[in-house]
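The opening position of the sequence shown corresponds to residue 2 in the working numbering, with each subsequent residue numbered one higher.
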Amino acid sequence: MNSPDPNFDPNRPDSALLAPATGPAPGRAVGQPAPQALAAELRQPEAAEDGDEIDLRALWHVLVKRKWTVLGVLAGVFVVTLVSTLLMTPTYRATTSLQIERDSVKVVQVEGLTPLESPGDKDFYQTQYQLLQSRALAQRVVGQLNLADNAVFHQMTQPSPLRKALGSVLAMLPRRAAAQPVGEDGAPVAADSGRVSAFLGFLTIEPVRNSRLVKINFDSPDPAFSARVVNALAEAFIAANLERRFDASAYAKTYLEERLQQLRQRLEDAESELVQFARAEGIVNIDDRESLIGRNLTDLNVALSKAQEQRTLAEARWRQAQATSSMGLPDVLASDLIQKLQAKRTDVAAEYQDKLRVFKPGYPLLNQLRGQIAEIDRQIQVEVGNIKSAIAAEYQTAAAQERLLRAQVDQLRAQALDLQQRSVKYNILKREVDTSRELYEGLLQRYREIGIAGGVGTNNISIVDRAEVPGGPFKPNLQLNLALGMVLGLFGGVLLAFLFEYFDDSIKSPEDIEKALGLAVVGVIPQLRNLTPQQALADPRSAFAEAYRSLRTALQFSTEDGVPKSLLVTSSVPTEGKSTTALALARNFAQLGQRVLLIDSDLRNPSLHKVLGTDNGVGLSNYLAGATAAREIVRPLADLPQLHIVTSGPLPPNPAELLAGPKLLSLLTLAAEQYDQIILDGPPVMGLADAPIVASVASGTLLVVEAGSTRLGQVVGAAKRLRASRARVVGTLLTKFHHRHATYGGYGYGGYGYYAYGSGKGALEKKA
């Protein structure tokens, strides 16, 4: 066990080595399931349990991982909010409360022509709110207070530096000169319009919910100016409302007088024409006659419907009697007489059959029985005919009744149509009289109630609370702005963290590998901080060394035959830890007393000789090129005699051609007879043809993946290339696994997050 077999002859000709088997790959038993299939089978219950549920712990770990992103965005938004709030000019808000009642006096309200407003109708109050924000009212207040010459208002309407710069740029653009409109007083209309728009920009209307109150707010940098403006606005609104009511009342009186005169003449003409038409047509009371004919016609229609229904049923029975055999009619089957005759015939026929067994057909008794049967059949046919005749008679009676009722209905309908035709013009004239009378009486009543004094004296708008000079600024609210800034910063930081996590397609946990590749993860190697892998492996109690011992154990159960005889350790890209893994596995197997051969098959960027500090003058490349014998490239390790190594040798110009030749397979076949375990430190898979070539001749392949660095597409591409080369991938190894991912996805991975390397001396530090 401590040295190679003495029968080992490296000088034996390559032709004497074992040829590649044509059956399954070395080390794989026939019928043995692939490791990835077994892993997928073991993961099926877990996938069924997960479903579409949200893993809150996974989301929490994303936030913990990206905590500096969240905190950075939060701090940035907080600082920007604080600075911008402190630089804002204080704004003071003055508020006046108004009570708005519905109009108590209706100027024109004619029943049936003007819509009625319900107490719950919101249109009235929405109209008042819009009037408070109208340009006409704003123009009135601006003129009353002479805001065009007010210094505070002038300061409020000055554009911001950004708007000034934008205006300067727009002014430089060539535009067609247009004449500026001028008002009646000679002042430019555009200037007045701009002041009104600016005034409305500082005004806000705030209705009090579930009440008839409304608050008028005005914001400005001067508290006294805000109170003066908002009180002037409330008074101007009340004055404008009274003016509108006065104008409406004066106009309504004149309008109603003219309209009453027109309606009076129209009503007289309509009544006269109605009387003349009724005298000419001899119509005295047309409503009662129409009602009588209508009731009779309704009753006859009901009777006709019933008669049609009876006739339809009788006709259906009659047609069924015509189309169906006589004995198949429901009435025939339900007849008691026919049932008795059929029963009697059955008894006589049975007696006839019984006597026929004793006497001949011509016997008198048999003739008598035949006569009885014939008589019974005749009686049955007679009864069936009677039933059919009854059905036909019933149908004829129903049809005659229907014809009689239909004739009566047609007669009444003709009378009704004649009466309606004669009364069309009468009804038109009567409706004209009724309409004219209603309009005249409604307008006469409104004319009696309305008055100019009453309309002006009734005011539905009053001031509840006049505005006072505000004691403090309304905005900016430092506490509110900071709270909103923190909420927005936290939300933006969390969103940015999840966005980074979404676009980060690197492999982070064993679950990522299993979901993407369907391969089992046979080991997880923790990340080192301040130590080299050799220093960490030197301490047998370290989590790093323990992880590789766990990997060794897992590989022993990876197949039915245990660890593949020749195991290739490769990765998708360089610097993922494959060389460290190959060396650690070789040492661990050698420490069990096994004879292990470690081969550096990376002929492009070898590192095994650098780690072990050995000479690389002669190695695998010399043997593959046929320049040296196998025994000349094998050398034992000084501190572990059971472990023999084969370095890469000088870098050849054509590594893929050397590895694809028969020498590598011969070396592995020969070494398999002398060693218990062969570990190959292979080149990376992506971008090179070396790794698939070596994987095709090795008994098993271990794919090494670096956590947090290797991209998902690289790992998937490497797995596809290995499968294409018919490599037997026994599993994957996740290296440089950080302790913060130790419970990623709700699982724990040993104690890899419990201990971490914090000192250069190799001492273990227990994490809090």
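Every residue gets a Cβ at the ideal spot worked out from N, C-alpha and C, and that includes glycine. Small disclaimer: the values here were computed from a predicted structure and weren't measured.
| Query | Result |
| --- | --- |
| Coarse secondary structure for ASP1, derived from DSSP in three states | With the chain covering only 2 through 769, there is no way to say anything about residue 1. |
| Option nearest VAL705 by Cα separation, candidates GLN480, PHE504 and ILE508 | ILE508 |
| SER710 versus GLY578: straight-line alpha-carbon distance, rounded | 12 angstroms |
| Where ALA728 falls: helix, strand or coil (DSSP) | coil |
| The segment 344 to 352 contacting the segment 366 to 382, beta-carbon criterion three pairs below 8 angstroms | yes |
| Secondary structure of VAL470, DSSP reduced to three states | coil |
| Exposure label - HIS155; buried when at least 16 CB within 10 Å | exposed |
| Segment contact flag, the segment 267 to 274 with the segment 435 to 444, C-beta cutoff 8 angstroms, min 3 pairs | yes |
| Residues that PRO637 bridges to, as DSSP identifies them | HIS645 |
| Helix, strand or coil at THR70 [DSSP, three-state] | helix |
| With 16 other Cβ atoms within 10 Å as the buried cut-off, status of VAL731 | buried |
| Cβ contact (3+ pairs, closer than 8 angstroms) linking the segment 597 to 617 and the segment 716 to 730 | no |
| Inter-stretch contact (C-beta, 8 angstroms, three-pair minimum) for the segment 83 to 101 and the segment 212 to 221 | yes |
| Contact check, SER580 vs VAL612, beta carbons under 8 angstroms | yes |
| Straight-line gap, GLU433 to LEU275 (C-alpha atoms, nearest Å) | 9 angstroms |
| Rounded straight-line distance, which links the Cα of TYR130 to that of VAL209 | 12 angstroms |
| First through last residue of the beta strand (DSSP E) which encompasses GLY486 | Careful: GLY486 lies outside any beta strand (DSSP E), inside the alpha helix (DSSP H) at 479 to 504. |
| Distance, ILE680 Cα to ALA41 Cα | Only weak support exists for where ALA41 lies, its pLDDT of 41 falling under 50; the value from the coordinates is given anyway. Distance between the alpha carbons of ALA41 and ILE680: 27 angstroms. |
| Three-way DSSP call (helix, strand, coil) for LEU146 in this model | coil |
| Three-state secondary structure assigned by DSSP to LEU599 | strand |
| Buried/exposed call for VAL1, threshold 16 Cβ in 10 Å | The first residue shown for the chain is 2 and the last is 769, placing residue 1 beyond what the model contains. |
| Local Cβ density within 10 Å of GLY714, reported as buried at 16 or more and exposed below that | exposed |
| Helix, strand or coil at LYS509 [DSSP, three-state] | coil |
| Neighbourhood of TYR396 by C-beta distance below 6 angstroms, restricted to the same chain and skipping five residues each side | ALA315, GLU316 and TRP319 |
| Residue nearest to LEU689 in terms of C-alpha spacing, selected from LEU552, LEU593, ASP603 and ILE464 | ASP603 |
| Validate contact between the segment 200 to 207 and the segment 125 to 144 using beta carbons, cut 8 angstroms, 3 pairs | yes |
| Validate contact between the segment 551 to 568 and the segment 531 to 539 using beta carbons, cut 8 angstroms, 3 pairs | no |
| For ARG449, the nearest candidate out of GLY472, ARG596, PRO541 and GLU258 (CA to CA) | GLU258 |
| Limits of the beta strand (DSSP E) - the one that ILE55 falls within | Note, ILE55: premise wrong, no beta strand (DSSP E); not H, not E. |
| Length of the line joining the Cα atoms of GLY563 and TRP69 | 45 angstroms |
| Assigned exposure category for MET157 - 16 Cβ within 10 Å defines buried | buried |
| For LEU665, the nearest candidate out of PRO684, ALA626 and ALA639 (CA to CA) | ALA626 |
| Rounded separation between LEU483 and PHE475 - CA only | 16 angstroms |
| Where ALA228 sits in the DSSP three-state scheme | helix |
| With 16 other Cβ atoms within 10 Å as the buried cut-off, status of GLY490 | buried |
| For ARG407 and ILE392, the rounded distance between their alpha carbons | 23 angstroms |
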